[in-house]
Every structure is written in structure tokens, then in C-alpha cells.
Amino acid sequence: MSANKRRKVEHVSDEEMSFASFIDEDSRESSGTDIRSDGSVQNDKREGLKAENSNGAAKKAPPRHNPQKLAAESLAAVGKFKSNTFKLQIDKLLEQIAPRRAKREQAAEGALKELRNAIEQLPKQDPKVVDEAERQLFKSGKIAIPFPSPSPPKNAELKLEVGKPAKINVTGSYVHRTASRSNSLLEIDMMVQMPPSLFREQNVKNYRYFYRRAYYVACLAATLTQKLSYGYKMQYEYFRGDMLKPIITVCPAEEKDKKAHSWKTNIIPCIGEDVFPKEKLYPDRACIRQGEGDAQPSPFYNSSLRADMLMTSYLKLLHKIVASCDAFRPACLLGSTWLKQRGFTSNVAHGGFGNFEWSVLIALLLTGGGPGDRLILSPSHSSYQIFKAVLQILAKKDASKQVIFASGGVVPPKVDGLPVIWDGARGHNVLYKMTEWSFVQLQQEARTTIAMLSDEAFDSFDACFIVKSSIDEMRYDYSFELAASTIPPSMYGKLYSTLKKGLGDRVSLIAIAPPPSPSWQFGSAKPTIHASSVVWVGLVVSPDSIDRTVDHGPSAEQKEEAAKFRKFWGERAELRRFKDGSITESLIWNGKEPIVEQIVRFLIKKHVDPAAEKKMKFHGQQFAKLLPHGSSLKTFQPLMEACKQLEADIRALENLPLTVRQIMPADAQLRFASVNPPNRGSPPADVTIQFEASARWPDELAAIQRTKIAFLLDISRRLEKDSVGRLRSRVGLENGDSGILNQGFLDVTYESGLSFRIRIHHDREQSLLERRLKDKTLSPTLRESTATALSLYKRTYLKTPSHTQAITRLCHRFSALSGAIRLFKKWLSSHLLTNHLRDEVAELLVLKVFIHPWPYPIPSTPQIGFLRTLQFLSIWDWRTEPLIVPLGDTPHDPTPAQSNFEAWRNLDPNLNRIVLFAASSLDPDGITYTDGRPIRPVAGRITDLARAACRAVEVGEGGVAFASSVRDYDFVIYLSCPGEEERKYKNVKGGVDYASLRGEFLKEIEGVYEGLLVFFAGEERIAALWVPHAVESRMWKVSLPFSTVPEGEGMVGVNKDGVVNEIARLGGTLVERIEVLGGE
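Just so you know, full-length UniProt numbering puts 137 at position 137 of the sequence shown, and the rest follows in order with no gaps.
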């Protein structure tokens, strides 16, 4: 042996081996495999996954000191991948998920040898009638024959027989090395080809083939039971949920080493490609005939049988593609990961589109399918290009309306509603396990992913391959369950068409998931539908039409259409005259109850089964019920109208010293984002007012603040004079301990009880503060207070008003945004976090899942927006990733915000000051609303709570998402909650409302006990934690900042009881009680 050849053999690792030695010579042709004496295989094209370079070949180390070549390769990578970073991410992912030969692979391959040896000993069985075959198998080995439904009659003129297998091959993703290593279960398919002598041409009809196949499966089960050693668990199972095709599954009986025993082998009987004429099995042919009369097409039956005939053919095709296209395996692994994250598999119950269908689709694209049967994909394409091309085809071509890839053979007539990707060379529908609704869902996922990959401002890798988007509660707006006993599989199509017609434009997606297919023991009868089994239906609604209470049907003149309308809707249809004079058939729904549920219940009862409607369980929007007065923007309309009236009243004032330039809302209530809709007891809504520029303003900060107060007093006097009792106005003072902060505001309250808090914006303040900061003689204390004042000025007068405008506009653009924001804030309040996350940050977090919703489409309902916000929070690594949300309609450059984030992380690596970086296109600074809050432990708690809530939702216990325990705190302050008529405190001049007083109380105790206690505020309670290092014993000295008690030897400690009593005294009647926890 030459040195080169010896080196080649020495460098073949175990990871490059597979158990393809079961592939016979016919199946191995054109695959370039060499069989070794030890039973392993080496391909001429190495089976180990190859990282790709720009031309799709194996990756080689670039020469050193050649920057020009590196730059050229970088540009080439950008051409074949989304970006250099994206390529590196894909390479890393492929490295992690590429299959390799480890413990479980070795254990599974050892079992495959035993299985093959046992199957080769299958004894021949002479022809027997059905009854005799069943009695003999059950008597000899307690083996039941898993006949498909309907089972053959006992007196059927059907002779069943068995012969030795013609071929035994390992097939599927394992042998082609396209199965992801990340799968918890290693699944291996072993096909056993039945001899053609067992079948006649007429066996293609009326289940005869499937009856013979079931008998063959039972005989295999009997042989394996007798020949295999102990240590295996064997049972029947439907192959990929196809109830026509039972198979045998074999897995380890013991699980001492779960890693080595997490495998399963599927033993799948099949037949040769030429046993039956393929023309008889086209989707439009009728192979099931019951008596006389016209037979209906049986597309699923036909394609299921044809799939058994083509197992060897597809094995050869995929081997050929593996040998000719280096990017095929990586593209299959990417597709496998993408499908897994979205819940698709080859199982009928999970969409019917999995790894096999993805691989075959790529193979067809690499061998033809284009005009003139030209190639659609080139073998030189990168894995990402192939992956994206497949998605584009699925997204743009509607296989449920037209046959696609109809090349290389006869194109069959289209069957209504049947998705078809036609493999013309083999006469087979690759999508035969898919339904119309599952293809619509697959197409929507493909379209969403294509849009996501085209979003240049979004790093789409995690959303495409890492984030799990198959959680039903985060995917569907509404869902309901039907008892499986009331709706057989044959009714699923009718159920879908009925819902599609009845719900119309109210829904954009309907998904139907049958109960999972069972497995059962060899000696047991085929399992029937369990009483607890359900058919699950999910709905994605259209936000623009979901709340419509009146549906208009055909006009009275359209006799035929009106008759069909009345027939479909029955007693629900009404003939009505409308204001525009039209007379149409109409449907009127109760707007006080969920309209979707009303429609669904009516449709199920009338068109499916009244018994199914009685047992139906409807789910959806249970969180939205937590919002006071619902999620409609109309609940905010009174305040919006009052704000317009306020602006009109101020602009109507005559002889003001300066002309009003603009009045800007700057409050959550004025951007549809407060938890509680504004009412008589709500806190005043913040508004800023700016006057025209004038040289008459003083040029000193303290004087400017006093001039503002004088302005407010004048405006107050004029408003009350001109309003004639329509409003009440009072000037209030704030920040009295600082001469450079705003010191006055004007509260204006209308007769309706809605109130506003006006502050004056003077742009000269900013330049004066900036000039003061540049003064090098300024003391550190004054410099810090000046910087704080400048930051507060920008936040109050510049950032918040522009943020309010943007959120208001976006709430009109996304109808579910307001409700989602309010739900998220309600969640924060329930977990006592409202004082740690400012309103604006909470709004940006929710807006993130609307502006960049990937991997989902834009949320249609508040609950879905809220839950996806929690999911984002649960996976957001705020230590290394900034939150950057574009608020405008034009593209924005995130580079300034990203640079600011990196600068802050370099300046503050321990996150002592800036923990969350929340920027927007209007605020690239990113720290306006997060400077100092939340602190790092609180940010970690928010993440943990979001993860816990997501886990609860995923297991169907979403109701606990808003439940919060206080056992982790040291004490809890319970606030009194007066009734609506007691919302105003009579002993406080000016009528300060309850919510404002509560906020002032929290602000007061946070200031007094800063460094000693950390407070956590909710709507009706405030919890507190002692700061650990602050409560340690210390030497006594004068002017300690808190109450102390002696602890001996000149040491003192915090007087915790005294501090708690001080807080109770500060709160007065606002504090109902204080509960001390933890044995304090």
C-alpha cells in the first residue's frame, strides 16, 4: 500500500462511518461507496460534514499573509450567505448538529445486525384465508395482525402468504447522514422489501395490498419475537401516522445509559417499484370501490401505496445527490433544524412534511424541475442558497392550487384541495401526507422566514434556527378541542372547509391537529380512539375584522347566492335594510362575547355534529380579560378628546406674553399604554407646552424656573376665567431642593374628572446646562447634579414627547399593540416590578415583537403580543445584546446605538450603572430610561420570571403567569384601596388623587432608605428587601443615616422594627398594614 493511500485510511475517523453496509449493490450504484471488511463504509465523497467555502467545496485554510485573498473570500461568502457573520453562525451550527458515531449510534448499529439476521430467517407461509391466518399467528405466538380499517371480513376471498424478503436495507436520514445530532431520539429506518410473487395486479384495489402487508408485518413480529435475544422492546406503530401502514418499532428495553439507549429502529415492509403500474396510482384514480356507482378518487390511499414502491428508488436518488453535491447534507441539516423549530415532521399529525420530504425536494431541484426540465438548483450552490431556494419555492408556489414540478413524466389531473409536488420521473406526490391546512401553515412559515432573511436590520440567525416557534399558545390566537370520538378522520376535510367558509376574512390560518397515532403490543388488538383523545384546532385571526359584529351577505336580488347563504347559516341569517338603503342577508353577532367563539360553536353544531359542540372546549384571550374595559383604543378616546380640548383652550387664550408654539403629550395614558384606561380617579396626564423663542427669557437657570411658575400662574388664572366653570386649575411645586430642575407644573381638571399636568419646555435650559457642564471649575457634586438635570431635561422635554408620538402612531398601525403593552405592564405590576422598569422601556420591549416579530408573523391579538414579549425576555441576553427598536417608518441605521452600547459595556463592564440598554431610532443614547434602573439582580429576576411564565404557558398552565409569591421578600406594605368615591383625599388641598399619592409615597421611602432597602412596587402593595451589606453590624458613630439598636461592644445594627414603623408612620392612612416575613 502506498504512503498516500495508507495516510488516507489512517485518517478516516469513526465519525465518517455509517451502517450503510446493509445497502445492497443495486441501491448503492452511483453512490461511490466502498465496503470494508469490518462492515463499515467509506464514501469517495467523505461522509463527514464539510464546511463550505465560497464555491461550495471543502473548506481549506487560507494562506497566511494574503489579505487580498481573504477579502475576496469574504466578499464571496457574502454573496452565498446573508453576511460573513451569518456564515460563521451557520458553520458553528452545522458543526454542533452534524451526525457522528457515538455510543447510541454504536448500540443501534449492533441491534441492526441482530435484526437483519433475524429477519433473514423469516419462514415462508403458504396461502391462508384471513380467519385461518389470524388464528394460527395468535395461537403460535400471541401475535395479532394489525389490519388497517376497515378490516377484511372473515369470509373474504383473500389468501395471505409470506416469503423471504427480496432486500433488506437501511434507509432514511441516518444512512444519508442528514439527521441532526441534536435530536433526543436517534431514529433509523430499515426497509424490508417483500417478494413480488406475493402480489397480483388486482391487489392494488380495496385495501388488498395493505391487508397482505399487515400479515407480513405480523409474521415479521412473530419471527423477531422468537429469534431476538432479550433486551429489546418491540411493538406496532403506524408509520409516520399513516393508519394504512403499521410497522414494527424496536428500541432498548432498559435505559441504564439513556444516552446510549435513546434510539429506535423502524422496520418498514415495502415492495418493488414495478409490482403495480404507476398509472393506476395517480392521485385522481379511484382504488377504493364500495358497490356500484361512481367511485371517488382516493389520493391518499394511492400515494401511500406508491410510497412503498419507491423506497429503494428514493434511496438511490439521495445517494446520487449526496455524492454529487457537497452542500446537500448541510442544506438538509439546516432544513431539518428549521422544520423542527416550527413543529413539522413527516408524521401526518405534525404536518406531513419532515426531513424526508425536504431532502427529496432538494434532490428534485438538483435534478430538474425547471422549464424544459432544466435544473433549478446547481450543485455549486452553498447550503444557505439551497435552503433559501427551497423556502422561496414553498412560499411562492401554492401546491394546493396547482401541481408544481410536473416535469419528466405525465402530469396528473389536479384533485381539489390536495397539495401536490409531483415527481414526474417516479409518478409520485411528495406531499401526499400533507393536507390543505398543513400546507397553508408551511407556506406561511416559509413566507415569514423569507421576509425575516430579507430584513437587513435584523440578525435573523437565532429566529431562523434557534428559537422554538412551535408553542401553540404563542402561535395561535384562539384554539378549541373537539372530542376525537365525535369527529372521525374522514370529517377533518369537512371541518376545515366549514370553518374556512364560515370564518372568512376573520382568520388568516386554520390548523387542525389529530390525536397522536398510538403504538400497541403485538398481542393486542388495534387501539381504538381513547375517550380523552381530542382533535385540536388553532386559529390565527385577522386583527382588522376580528371584532366585526355585522356580516353582510348577498343582496336580496341575488336569489341563488342568497339561498345558499341562508342554507349555510340557517336561523342565523337575517334579511335587513341598512342606512345606505341596501337590503342584504346579514349576520348579527353579540359584541359582548368573543365573536370567534360564537361563530365556531354555531358552525360545529350545524355542520359537523351537535354532540361535538357540546363537548368542545374553547381557549384564547384569557389574559386579555385581565385588562379593565378591554383592549380597545376607544377606552382612551375621552382622554384624547379632552387633550384636544385642552390645546384648544390654551391656544384660545388672548394676550399671552408669548405665543404657544406647540403642546405635546408626554404620558402613557396619552399613547394608549396605561394599564387602566383614564377615568375620574386617574393620575394627571403629563403634557409639555413650548412657547415661541424670545429674548425676554432670563439667562439664568434658577430665574428660568421662577419665570415658568409665573407663566403657569397666569395661564391658570386665564383658563379658569375663560372656561366658566368647565375646568379647575392649580399650580403645584416640585424639586424644591434644586434650583436648576423644573419647579412648577399646572394641573388642569375638567368636569369629566380627567386631568392633565402641564410643564413648560424652554429650549434655552439645555444650552445653559451644557455650558455649565463645560465649566472646569465646577465641583464634582455640582457637576453630577448638573448632568442629572440635563439628562432629566432631555427625557422630560425631548425624548418622552417624541416617544409618545411614535407609540401613538404605532398603536393605530398595530391594533394589538396597545393591549399587549397594557398586559405586559399588568404582568410587571403583578410581580412588583413597576418601579424598576420605566413605562417607556416596557413599551419598547413589547414593540420589539411587533417591529421585528420573527420568527412569527406580526401578532394579531394582545395576548399573543404579550406572550411573545415574555418569550423574547426569556432568551434576551441583555449583558451582550442591546435592545434597539426602530420607531419611524423609514429605515434607520442601528450603528450609533450599537456603538453607544459597546462604549457603555467597556466603561461599565460590571453593569453597576447601565444594565439594560434600550435604544430606539429616536433615542440612540439607549440609557435615557435605564440609567440606574433596573439593577442587575432585578434584571435577572425579570428574565427568570419570563422563563418561568413561558414554561407554564408551554405546559398549559398559563394562568399562573400573573401569580406572584412574596415569600422571597423581607416585608410587604399593603396599601389601602379606597372606592371610586374616595379617590380624592379631602385633607389634601387641591385634591391629589390616590394613584399620585401612592407614587409620591414610594418615591419618598425610596429616597429616605436608599442603600438600606430595595423596594418592589405593584398596584396595591410594595415589597422590600434589606440590602445585605447595609444591615451588617458596625461601629456606632454620630449621624448614622438610619435607626439603629445596640448590639454590644460598641457595635450597632439596623433597627428593623423601627424602620418598618417609620414607613408605616410616613404612609399614614395610605398604609393598610405591613406584613413582616422571614421570621423578622
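From the three backbone atoms N, C-alpha and C, an ideal C-beta is built for every residue, glycine too.
Candidates the options, of which the one nearest residue i by Cα
i            : options                            : result
Val204       : Cys251, Arg289, Ile168             : Arg289
Ala278       : Thr223, Gln89, Glu157, Pro412      : Here residue 278 turns out to be Lys, not Ala, going by the sequence shown. Minimum Cα distance to Lys278 is reached at Pro412.
Leu375       : Lys794, His381, Leu366             : Leu366
Arg506       : Thr498, Val540, Ala483             : Val540
Ile927       : Ile935, Leu916, Val675, Ala483     : Leu916
Val1038      : Glu1032, His1029, Val1031, Gly1050 : Gly1050
Lys227       : His831, Ile595, Arg116, His803     : Arg116
Gly354       : Leu334, Leu361, Ser346             : Ser346
Leu315       : Ala295, Glu273, Leu887             : Glu273
Asp284       : Ser303, Arg696, Lys501             : Ser303
Ala562       : Ser586, Pro543, Phe578             : Ser586
Ser324       : Trp589, Met309, His176, Pro269     : His176
residue 1163 : Ala702, Leu922, Asp889, Arg913     : With the chain running from 1 to 1080 in the structure shown, residue 1163 is simply not present.
Ile119       : Ala166, Pro148, Asp131             : Ala166
Arg213       : Lys159, Glu254, Leu224, Ala253     : Lys159
Thr1069      : Asn1055, Leu364, Asp462, Arg998    : Arg998
Met190       : Glu132, Ala133, Ala108, Cys977     : Ala108
Val1054      : Phe962, Glu1010, Arg1034           : Arg1034
Gly368       : Thr337, Arg426, Leu391             : Arg426
Cα-Cα separation, residue i to residue j
i       : j       : result
Ile760  : Lys708  : 6 Å
Ala286  : Pro488  : 21 Å
Arg717  : Gln805  : 29 Å
Asn429  : Gly352  : 12 Å
Trp878  : Pro891  : 24 Å
Asp722  : Asp580  : 42 Å
Tyr432  : Pro299  : 8 Å
Thr449  : Tyr207  : 41 Å
Lys139  : Ala222  : 11 Å
Arg947  : Leu633  : 30 Å
Leu832  : Ser359  : 50 Å
Thr528  : Val440  : 30 Å
Ala1030 : Thr1044 : 12 Å
Pro297  : Val403  : 16 Å
Ala820  : Leu975  : 27 Å
Gln622  : Leu503  : 21 Å
Cys977  : Glu1072 : 9 Å
Own chain residues within Cβ distance below 8 Å of residue i, not counting five before or after
i      : result
Leu719 : Asp649, Ile650, Leu653, Leu727, Ser729, Val748
Ser785 : Ser738, Ile740
Lys264 : Leu185, Leu186, Glu187, Ile188, Thr249, Val250, Cys251
Glu980 : With a pLDDT of 42 at Glu980, under the threshold of 50, the modelled position of this residue cannot be trusted, and the question is left open.
Contact set for residue i: own chain, Cβ-Cβ below 6 Å, skip 5 residues either direction
i       : result
Ala685  : Asp667, Gln669, Leu670, Phe756
Glu840  : His803, Tyr929
Phe1015 : Glu1006, Ile1022, Ala1024
Thr486  : Asp609, Ala611, Ala612
Val467  : Pro855
Ser470  : Arg342, Gly343
Tyr236  : Pro146, Pro246, Trp520
Chain-order list of residues whose beta-carbon lies under 7 Å from that of residue i (same chain, five-residue window excluded)
i       : result
Lys567  : none
Arg200  : none
Ser262  : Arg104, Ser184, Leu185, Leu186
Leu1040 : none
Leu333  : Leu94, Ile97, Ala98, Thr178, Ser180
Cutoff 9 Å: residue i Cβ touching any chain C Cβ
i      : result
Glu105 : In the displayed structure, chain C is absent; only one protein chain is listed.
field: Length-filtered (4 minimum) alpha helix (DSSP H) runs lying within the UniProt domain "Nrap protein" (188-322)
entry: 208-227, 258-261, 299-309
query: Would you say the segment 117-126 touches the segment 230-248, given that touching needs at least three Cβ pairs under 8 Å?
result: no
- prompt: Is there contact here, the segment 843-852 with the segment 936-947, by at least three beta-carbon pairs under 8 Å?
  reply: no
task: Can you check the segment 525-551 for any beta strand (DSSP E) of at least 3 residues that lies completely inside it and give the ranges in chain order?
output: 534-541
query: Does the segment 861-881 come close enough to the segment 510-520 that 3 or more CB-CB pairs lie under 8 Å?
result: no
message: So within the segment 350-434, which uninterrupted alpha helix (DSSP H) runs reach at least 4 residues, ignoring any that extend past its ends?
response: 355-367, 383-396
field: Inter-stretch contact (C-beta, 8 Å, three-pair minimum) for the segment 1055-1075 and the segment 961-974
entry: yes
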